[in-house]
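Colleague: Our numbering numbers the first residue of the sequence shown as 1 and each following residue consecutively.
For every residue, glycine included, the Cβ atom is placed at its ideal position computed from N, Cα and C.
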Amino acid sequence: MGAEVVVAGADRRAGGSPGAVSVLVRQWRQEVEGVEEGHSWCAPELMNDLGCRSALAEEWPQLPAAVREAWEPELRGLDERFRAATIPWPGRGDGDGRWWMWRIPRLIHAEPGERCDERGWPAGWDMMPFAKPDAARVIF
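1) Skipping 5 residues on each side, what residues in its chain have a beta carbon closer than 8 Å to that of Gly91?
2) Taking all protein chains shown into account, decide if Ile139 is buried (16 or more other Cβ within 10 angstroms of its Cβ) or exposed.
3) Could you check how far apart the C-beta atoms of Ile108 and Pro122 are, in whole angstroms? I think they sit under 8 Å.
4) Please state the DSSP three-state secondary structure of Arg81.
5) Hey, quick one: how far does the alpha helix (DSSP H) through Pro64 stretch, first residue to last?
6) Between Val7 and Arg68, what straight-line distance do the alpha-carbon atoms span, to the nearest angstrom?
Here it is, written out as structure tokens:
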């Protein structure tokens, strides 16, 4: 089976809907690129945007082995880039299976002139249950 057939097969959900894996990987790539450049939205928006990676995790076990093998290098590379562009949520490990939900961008963009709260978070991040880690930087 040629690689193009394997990749084409990856564009089907278990139920047969087209475009699932390629769309989710494209969304994940865009999210990773945005976090690498510096996340410019609030924490709840980030959690929402990470839904594409959660959907990939749900679909992954249902895909045929050949399809997983075809997409694995790109997915692994994107995951590594996301880990490099983020820091672990204090007090949480990556062992719960959805490690991407427990990471904080290293760069957070805030509006010019915006103030951070006493714990170091700009607006939209001030609901975080801990002080901003030193490894996370707010850019105005």
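Modeller: Taking the coordinates as given:
1) By one-based count along the sequence shown, residue 91 stands at place 91. Correct list, in chain order: Phe130.
2) Position 139 of the sequence shown holds residue 139. Answer is exposed; the Cβ neighbour count stays below 16.
3) Position 108 of the sequence shown, counted from the start, is the residue given in the question as residue 108. Position 122 of the sequence shown, counted from the start, is the residue given in the question as residue 122. Their Cβ separation, rounded to whole angstroms, is 7 Å, which keeps Ile108 and Pro122 in contact under 8 Å.
4) Position 81 of the sequence shown holds residue 81. In this structure, Arg81 counts as helix in the three-state DSSP scheme.
5) In the sequence shown, counting from the first residue as 1, residue 64 sits at position 64. Looking at the DSSP string, Pro64 is not in any alpha helix (DSSP H), and its letter there is neither H nor E.
6) Residue 7 sits at position 7 when you count from the first residue of the sequence shown. Residue 68 sits at position 68 when you count from the first residue of the sequence shown. Model confidence at Val7 stands at a pLDDT of 44, short of 50, so the residue's coordinates are unreliable and nothing is read from them.
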